[in-house]
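Q: Letter by letter, the sequence shown follows residues 48 to 274 of my numbering.
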Amino acid sequence: MKQQWSRILWGILLILAGLGYAGDVMGFWHFDLFFAGWWSLFIIIPCVVSIVENGFDTGNSLGLVFGLMLLFSAQGILSWHRMIQLLFPALLIILGIGLLARPRQVPVPAGEVPPADLGHTPELSAVFSQETRRIANTITGGARLTAVFGSLTVDLRDAVIAQDIQLETTAVFGSVHLLLPENTLVYTKGVSLFGRTHNLMPSSLPDNSPKIYLDATNVFGSTHVQP
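Here it is, written out as structure tokens:
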């Protein structure tokens with residue numbers, strides 16, 4: 048259903064652009080796709096599509112706000128100086144809303160059993176610091192991992208993954224490093240704004256291998272998953 052809404056959104060945008068050009072040719076109105084700040088649409092539109100498909104999260108919300116600020120600045124509505132001043136409070140507000148919002152669920156591949164909810168799972172974080180956690184016991188639930196202006200490393204290589212689990216990571220001007228057993232399948236999704244998720248885990252393993260469903264948000268940060 049979310050993918051259908053994404054196609055509908057792109058279809059509406061293309062139709063509006065076509066009607067705009069047609070009206071310009073007929074002399075009904077003036078239409079120019081290359082208006083001041085048109086390049087900001089390359090940030091705004093993907094973020095809107097991500098919101099339609101995945102719901103609001105830190106990455107697409109911050110990207111949308113940043114894109115709109117760039118558009119308003121190019122249009123003369125908002126000065127560059129004021130835009131830079133508003134970026135940090137906007138980041139704080141979006142991070143706060145993200146912490147209050149309910150956790151997102153990672154889409155499960157066809158035929159797979161959904162992982163447990165993240166409603167009552169542990170939270171590990173590194174804020175303006177460097178943290179390393181080594182876990183060697185049996186894992187039966189998920190976790191939320193957050194790095195803000197810091198680095199968080201979680202070593203699960205000696206852990207026993209007793210059931211499929213869900214992990215939610217957020218890296219804002221920082222990095223999250225996951226070290227996993229080699230026989231683990233990792234399914235990833237998420238949003239990255241000037242960041243990236245690096246999944247170095249094997250992609251072809253037996254169907255009965257432990258599975259981790261990773262939802263990663265990277266804002267000027269990165270998430271690394273490796274054996």
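Quick reminder that beta carbons are idealized off the backbone N, C-alpha and C, glycines included.
Given a threshold of 16 other Cβ atoms within 10 Å of its Cβ, counted over all protein chains shown, does Glu215 qualify as buried or as exposed?
A: Start at 1 with the first residue of the sequence shown, and residue 215 comes out as number 168. That one is buried.
Q: Suppose contacts are defined by Cβ-Cβ distances below 8 Å. Is Val272 in contact with Leu199 by that definition?
A: Indexing the sequence shown from 1 puts residue 272 at position 225. Indexing the sequence shown from 1 puts residue 199 at position 152. Going by C-beta atoms, Val272 is not nearer than 8 Å to Leu199.
Q: Report the rounded CA-to-CA distance for Gly188 versus Ser120, giving the unit in angstroms.
A: Stepping through the sequence shown from its first residue, residue 188 is reached at position 141. Stepping through the sequence shown from its first residue, residue 120 is reached at position 73. Rounded to whole angstroms, Gly188 to Ser120 spans 45 Å at the Cα level.
Q: Given this structure, state the Cα-to-Cα distance separating Ser87 from Val96, to the nearest angstrom.
A: Position 40 of the sequence shown, counting from 1, holds the residue named residue 87. Position 49 of the sequence shown, counting from 1, holds the residue named residue 96. Distance between the alpha carbons of Ser87 and Val96: 14 Å.
Q: Could you name each continuous beta strand (DSSP E) segment of 3 residues or more that falls completely within the segment 183-256, going from the start of the chain to the end?
A: Complete beta strand (DSSP E) runs here, min 3: 190-195, 198-202, 212-219, 222-226, 232-240, 243-246.
Q: What three-state label does DSSP hand Ile259 in the structure shown?
A: The residue you call residue 259 lines up with position 212 of the sequence shown. In the structure shown, Ile259 sits in a strand (DSSP, three-state: E or B).
Q: Would you check if the distance between the CB atom of Ala194 and the CB atom of Ala209 is smaller than 8 Å?
A: Within the sequence shown, the letter at position 147 stands for residue 194. Within the sequence shown, the letter at position 162 stands for residue 209. Not a contact, by the Cβ cut-off of 8 Å.
Q: How is Pro150 classed by DSSP in three states: helix, strand or coil?
A: By one-based count along the sequence shown, residue 150 stands at place 103. Confidence at Pro150 is low in this model, with a pLDDT of 46, below 50, so its placement is unreliable and the value that follows should be read with caution. Correct three-state label for Pro150: coil.
Q: Rounded to whole angstroms, what is the Cα-Cα separation between Gly158 and Asn107?
A: Position 111 of the sequence shown, counted from the first residue, corresponds to residue 158. Position 60 of the sequence shown, counted from the first residue, corresponds to residue 107. Interpretation of Gly158 is limited by its pLDDT of 43, a score under 50 that renders its predicted location unreliable; no figure is taken from the coordinates.
Q: Label Leu63 either buried or exposed according to how many other C-beta atoms from any shown protein chain fall within 10 Å of its C-beta, with 16 as the threshold for buried.
A: Locating residue 63 in the sequence shown gives position 16, where the first residue counts as 1. Result: exposed.
Q: What's the gap between the Cα of Ser269 and the Cα of Met73?
A: For this step, residue 269 is matched to residue 222 along the sequence shown. For this step, residue 73 is matched to residue 26 along the sequence shown. C-alpha separation (whole angstroms): 49 Å.
Q: Answer yes or no: do Phe75 and Tyr68 have a C-beta to C-beta separation smaller than 8 Å?
A: Translated into the one-based positions of the sequence shown, residue 75 becomes position 28. Translated into the one-based positions of the sequence shown, residue 68 becomes position 21. Taking 8 Å as the Cβ cut-off, Phe75 and Tyr68 do not qualify as a contacting pair.
Q: Suppose you measure from the CA of Val112 to the CA of Pro253; what does that come to, to the nearest Å?
A: The residue given as residue 112 occupies position 65 in the sequence shown. The residue given as residue 253 occupies position 206 in the sequence shown. Cα to Cα, Val112 sits roughly 42 Å from Pro253.
Q: Report the option in Pro136, Ile92, Ile98 whose CA atom is closest to the CA atom of Leu115.
A: The residue labelled residue 115 in the question sits at position 68 within the sequence shown. Closest option to Leu115, Cα to Cα, is Ile92.
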